[in-house]
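Colleague: Going by the numbering used here, the sequence shown opens with residue -13, and the numbers climb by one from there.
Cβ coordinates follow ideal geometry from the N, Cα and C atoms, glycine included.
Sending over a structure as structure tokens; questions will come in a sec.
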Amino acid sequence: MEIRRLTREDLPSLIALYAQLSDRHREMSLPRTEEVWDTVLKDDPNIVYLGAVDRGRVVSTCYLVVIPTLVYGGRPFGLLENVVTDAAYRRQGLAARLIREAAEIARERGCYKLVLQSGVQRTGAHRFYEQLGFDGDRKRAFVLDLDEG
């Protein structure tokens, strides 16, 4: 098992893994994913895809964005999204390793905080995140779905 930054070559198995996260992610095609990677993601140093890779297949992942700000002395913050582990690989500590790696990258980049969003119904995941040091009571996220209405 290898923990590393993901590359374009990982996209087919990353798409398959995202399909386990939500049915909304089943819409992403490989050509569209490659287009987004090539034009937006590959050269942006503030976007980091991490993965646990087993025999060439991404089995756990998270996505870190380092966001510049004009507060806290101009220090950025990190946003962690799309934490998912293949059902067959859960409870092996992979997501915890990836989140810790993302937190370390955020620290190295000077981030003053790391924010993680999670679906309100995922109470088991919330307990897991709290065990890793995240505070689920400190802030509240509000979502405006731009695909609706």
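Tell me the rounded alpha-carbon separation between Arg108 and Thr19.
Modeller: Cα to Cα, Arg108 sits roughly 26 Å from Thr19.
Colleague: Determine the contact status of Gly37 and Val26, defining contact as a CB-CB distance below 9 Å.
Modeller: Contact flag unset, no.
Colleague: Say whether the segment 77 to 87 touches the segment 46 to 54, bearing in mind that this needs 3 or more beta-carbon pairs closer than 8 Å, one atom from each stretch.
Modeller: Yes, the segment 77 to 87 touches the segment 46 to 54.
Colleague: Taking the straight line between their C-alpha atoms, what separation do you get for Gly60 and Pro54?
Modeller: One C-alpha to the other measures close to 7 Å.
Colleague: Quick check: the Cα distance between Leu102 and Glu21, rounded to an integer number of angstroms?
Modeller: Rounded to the nearest angstrom, the two C-alpha atoms are 26 Å apart.
Colleague: Confirm, please, whether the CB-CB distance from Val52 to Asn68 is below 9 Å.
Modeller: No, they are not a contact pair.
Colleague: What are the start and end residues of the alpha helix (DSSP H) that includes Arg93?
Modeller: Counting along the chain, the alpha helix (DSSP H) containing Arg93 begins and ends at 80 to 94.
Colleague: Name the residue from Phe120, Ser104, Leu118 whose alpha carbon lies nearest to the alpha carbon of Val129.
Modeller: Comparing Cα positions, the closest option is Ser104.
Colleague: Given this structure, state the Cα-to-Cα distance separating Pro62 from Tyr4, to the nearest angstrom.
Modeller: So the two alpha carbons sit approximately 27 Å from each other.
Colleague: The alpha helix (DSSP H) spanning Thr25 covers which residue range?
Modeller: Thr25 -> no alpha helix (DSSP H), and no H or E assigned at all.
Colleague: For a quick check, are the C-beta atoms of Phe114 and Ala81 less than 9 Å apart?
Modeller: A contact, by the Cβ cut-off of 9 Å.
Colleague: In this structure, what does DSSP give as the bridge partners for Tyr138?
Modeller: Outside the shown range of the chain, which is -13 to 135, sits residue 138, and nothing can be said about it.
Colleague: From the DSSP output, which residues share a beta bridge with Val44?
Modeller: Answer by DSSP bridge pairing, in chain order: Val39.
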